[in-house]
Structures are given as C-alpha cells and as structure tokens.
Amino acid sequence: MQYEIKTIYQKYLMTVNCYLLKTPSGFILIDTGLPKRRSDLVRELETAGCKPGDLKLIVITHGHLDHNGNTAYLREKYDAKVAMHGGDSAMVESGDMFRGVKGLTVAIVRIMLPLVGMSRYDCFKPDIALEDGRDLSEYGFDARVVHVPGHSKGSIGVLTAEGDLFCGDILGNTDKPAKTTIVDDSVELDASVERLKTLGIRTVYPGHGKPFRMDQYAGGLGVQ
25 MQYEIKTIYQ
35 KYLMTVNCYL
45 LKTPSGFILI
55 DTGLPKRRSD
65 LVRELETAGC
75 KPGDLKLIVI
85 THGHLDHNGN
95 TAYLREKYDA
105 KVAMHGGDSA
115 MVESGDMFRG
125 VKGLTVAIVR
135 IMLPLVGMSR
145 YDCFKPDIAL
155 EDGRDLSEYG
165 FDARVVHVPG
175 HSKGSIGVLT
185 AEGDLFCGDI
195 LGNTDKPAKT
205 TIVDDSVELD
215 ASVERLKTLG
225 IRTVYPGHGK
235 PFRMDQYAGG
245 LGVQ
C-alpha cells in the first residue's frame with residue numbers, strides 16, 4: 025500500500041469522519057469536517073506531521089457542512105488545492121448546503137440544522153472540478169473519482185487501486201453498513217449504490233461510522 029490512512033473522528037451533535045492520507049508525495053485530506061471542531065482537526069494534522077505546504081490536495085466528497093466546514097480555512101492555512109464535483113459547487117460557493125436540493129428528507133434537515141447553528145459555513149470556490157473517472161495519480165495517489173449522485177448531485181467517492189473506497193455519505197456504518205436515508209434523488213441513489221457493487225471495492229471508509237468490508241453491505245444489510 026502506497027498510503028497510510030489516518031481517520032480523524034469528530035463529534036458535535038453528530039459524528040463525522042475526515043481521512044488524512046499520507047503518500048510518498050505528501051498528504052491528501054478527504055473532507056474537512058465540522059467548523060466547530062476546527063482546532064481539533066488542525067491538531068490532528070499537526071500530530072501527523074502535516075505542515076503548510078505538505079497538504080497537496082483537499083478532496084470534498086459533497087457539499088454538506090459537516091464534510092467541508094473547514095475547507096476555506098485549511099486551503100489558506102496549508103496552501104492546498106481544493107477539489108470536488110461541480111454538482112455541489114453552488115452549495116460551497118454560496119455557503120448554503122441546501123442550495124438546489126429537492127429531497128424531502130433533506131428538506132427536513134434544512135429546517136432542523138439552523139436551530140443548532142449548523143446550516144452555514146465559510147464559502148469557497150473549488151480549485152479543481154472533479155468528474156467521474158478522474159485519475160488522482162498526479163497528486164501521488166493511485167486512485168480515481170467515482171461520481172455517486174443521490175445523497176447530493178455532486179456526491180463522489182475516491183476509489184484506490186487497492187480497493188479502498190472513501191465514500192462520503194452514500195454509505196454509512198453508524199449502526200450497520202447501509203445506504204444513507206438523507207436523499208436528494210432516490211433513483212440516482214439506488215443506481216449509484218448498485219454501481220458500487222460492481223467496482224471491486226474491498227473496504228469502505230464512510231463519512232459516518234466505522235469502516236467496513238463492501239461484501240458486508242452487498243450481503244443485503246438494509247438501510248441506515
């Protein structure tokens with residue numbers, strides 16, 4: 025394996041995972057977590073030896089606050105490029121994670137989150153627009169982007185050559201391996217999940233919950 029995985033676990037009313045990958049060329053961070061846990065995140069990066077200039081790329085799996093609440097700050101502090109799918113760019117450029125969403129469950133969340141101060145964050149414009157199949161080897165990471173819409177229009181996963189999938193929120197494991205119930209488009213979500221079953225995925229690293237083997241989900245373990 026040409027990379028080391030450090031899971032950065034955050035908790036504030038919910039739990040969320042960021043993943044720091046150490047490669048021979050430097051560090052890659054997948055998602056930036058909750059703004060209210062910024063100091064904890066920076067401390068984890070420093071403990072791992074990630075200094076300004078060492079963070080080669082920040083990959084955002086989707087435009088929701090709990091996954092990119094520190095992106096603008098980290099880009100400036102570490103002089104890192106930010107990459108994400110264009111389908112969610114309106115969310116992060118406006119700082120409004122509900123921009124353009126349409127699903128009923130997402131609408132319910134939209135009502136609830138402002139009550140606990142978790143609806144808006146520092147806006148930013150991504151440096152790199154990721155599309156399905158994008159090769160990330162130029163950043164020293166043998167992996168590619170998998171577009172998995174459904175949770176949001178621009179949801180992506182990062183699939184390594186070894187079969188590790190960093191999947192954002194399309195799948196989770198807070199109770200058992202399952203697809204998300206926070207849905208923007210149910211048809212797209214189901215199609216994305218079915219596609220994942222065909223990609224030879226070994227281990228899933230979700231945005232919420234513990235890593236799990238893909239065959240645990242493929243065995244039919246329901247919804248989260």
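Converting from the sequence shown to this note's numbering requires adding 24 to each position, the first position being numbered 1. Glycine included, every Cβ here is placed at the ideal spot set by N, Cα and C.
Contact test: residue i Cβ vs the ligand FAD heavy atom, cutoff 8 Å
i           : result
residue 208 : Although the ligand FAD was asked about, the structure shown includes no ligands whatsoever.
Sequence-distant residues of the same chain with beta carbon closer than 8 Å to residue i, five excluded per side
i           : result
residue 118 : 147
residue 45  : 27, 28, 29, 30, 51, 52, 53, 54 and 165
Reference residue i; option with closest CA among the options
i           : options              : result
residue 83  : 110, 72, 59 and 64   : 110
residue 39  : 26, 238, 159 and 230 : 230
residue 157 : 223, 60 and 214      : 223
residue 188 : 108, 204, 69 and 169 : 169
residue 234 : 61, 211 and 192      : 192
residue 101 : 225, 238 and 75      : 75
residue 58  : 72, 32 and 70        : 32
Own chain, CB closer than 7 Å to residue i, minus 5 neighbours either side, in chain order
i           : result
residue 64  : 34
residue 149 : 117
residue 249 : Absent from the model: residue 249. The displayed extent of the chain is 25 to 248, so no value can be given.
residue 47  : 26, 27, 164 and 165
residue 61  : 34 and 36
residue 216 : 172, 173, 174 and 194
Alpha-carbon spacing of residue i relative to residue j, whole angstroms
i           : j           : result
residue 49  : residue 95  : 21 Å
residue 180 : residue 56  : 15 Å
residue 26  : residue 165 : 8 Å
residue 236 : residue 89  : 24 Å
residue 97  : residue 182 : 23 Å
residue 92  : residue 42  : 10 Å
residue 79  : residue 103 : 7 Å
residue 228 : residue 185 : 13 Å
residue 212 : residue 72  : 37 Å
residue 221 : residue 160 : 22 Å
residue 246 : residue 206 : Confidence at residue 246 is low in this model, with a pLDDT of 44, below 50, so the placement of that residue should be treated as unreliable; the coordinate-derived value is given next. Cα to Cα, the separation comes out at about 14 Å.
residue 190 : residue 67  : 22 Å
DSSP state of residue i mapped onto helix, strand, coil
i           : result
residue 116 : helix
residue 62  : helix
residue 204 : coil
residue 38  : coil
residue 154 : strand
residue 166 : coil
residue 107 : strand
residue 160 : coil
residue 95  : helix
residue 56  : coil
residue 27  : coil
residue 149 : coil
residue 71  : helix
residue 247 : Reliability fails at residue 247, whose pLDDT of 44 lies under 50, so the model's placement of it is uncertain and no value is given.
residue 46  : strand
residue 177 : coil
Close beta carbons around residue i, own chain, < 6 Å, minus the five adjacent residues each side
i           : result
residue 225 : 187, 189 and 238
Subject >> Length at least 3, wholly inside the stretch 183-244: the beta strand (DSSP E) runs in chain order >> reply: 188-192 and 227-230
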